[in-house]
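Residue numbers (the numbering used here): 1 to 177.
Glycine included, C-beta positions come from ideal geometry on N, C-alpha and C.
Computed from a predicted model, the values in this text were never measured in an experiment.
Single-structure report; data block below.
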């Protein structure tokens with residue numbers, strides 16, 4: 001039985017090289033059962049979560065000091081708190097961005113709720129998302145501030161309110177070198 005193919009790049013390649021698409025599909029289907037094992041090996045070979053990131057003290061408006069992991073690289077920011085079981089009460093995560101913008105945060109593969117603070121360049125809180133739940137199904141919602149932010153801080157759920165981190169308050173930290 002002949003397949004009906006939509007006019008796509010694959011269809012174009014198939015017409016240019018007869019049999020290419022079918023061989024590619026067969027090769028792909030042969031390796032499909034190996035994908036979970038390959039992903040597991042990659043996960044084991046990956047550096048521990050947070051490896052390579054710097055930690056700095058961050059002072060919340062209440063005066064409470066947290067040790068926060070600093071995420072500067074795109075891949076570190078994309079990983080964020082994914083796959084972690086929890087976040088210690090005296091810990092957090094700080095995302096540094098090159099330019100202030102409406103930086104979005106999602107909760108894909110996160111296992112616990114968090115508070116998200118967006119800070120401007122003066123480290124003033126410009127937006128707070130309280131007790132953001134883990135994403136349960138795709139597509140995961142993206143949480144964004146109402147104003148441009150230069151930094152994002154992730155804390156345990158409820159911690160922002162307890163420590164007085166509200167819009168207009170200030171968070172203190174020294175940028176890593």
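Considering only residues of the same chain and omitting the five flanking positions on each side of residue 158, which have a CB-CB separation below 8 Å? 115, 130 and 131
Buried or exposed for residue 94, please, with buried defined as at least 16 other CB atoms from any protein chain shown within 10 angstroms of its CB. buried
Tell me, which residues are paired with residue 101 by DSSP? 149
Integer-rounded CB distance, given that residue 68 should sit under 8 Å from residue 84: Incorrect: roughly 14 Å between the Cβ atoms, too far for contact.
Residue range of the alpha helix (DSSP H) that includes residue 75: 74 to 79
Who does residue 166 pair with in a DSSP beta bridge? In DSSP, residue 166 forms no bridge with anything.
Taking the alpha carbon of residue 63 as the reference point, which residue from 168, 163, 176 and 174 has its own alpha carbon closest? 163
Restricting to runs no shorter than 3 residues, where is the beta strand (DSSP E) found entirely within the region 118 to 142? 125 to 132
Nearest candidate by alpha-carbon position, reference residue 146, set 100, 59, 140 and 172: 100
With distances taken from CA atoms, which of 119, 120, 123 and 133 is nearest residue 107? 133
Need the endpoints of the beta strand (DSSP E) that residue 54 sits in, please. 54 to 59
Between the beta-carbon of residue 81 and the beta-carbon of residue 87, is there less than 9 Å? The Cβ atoms of residue 81 and residue 87 sit closer than 9 Å to each other.
Per DSSP, residue 173 is paired with what? 58
Cross-strand partners of residue 115 (DSSP beta bridge): 155
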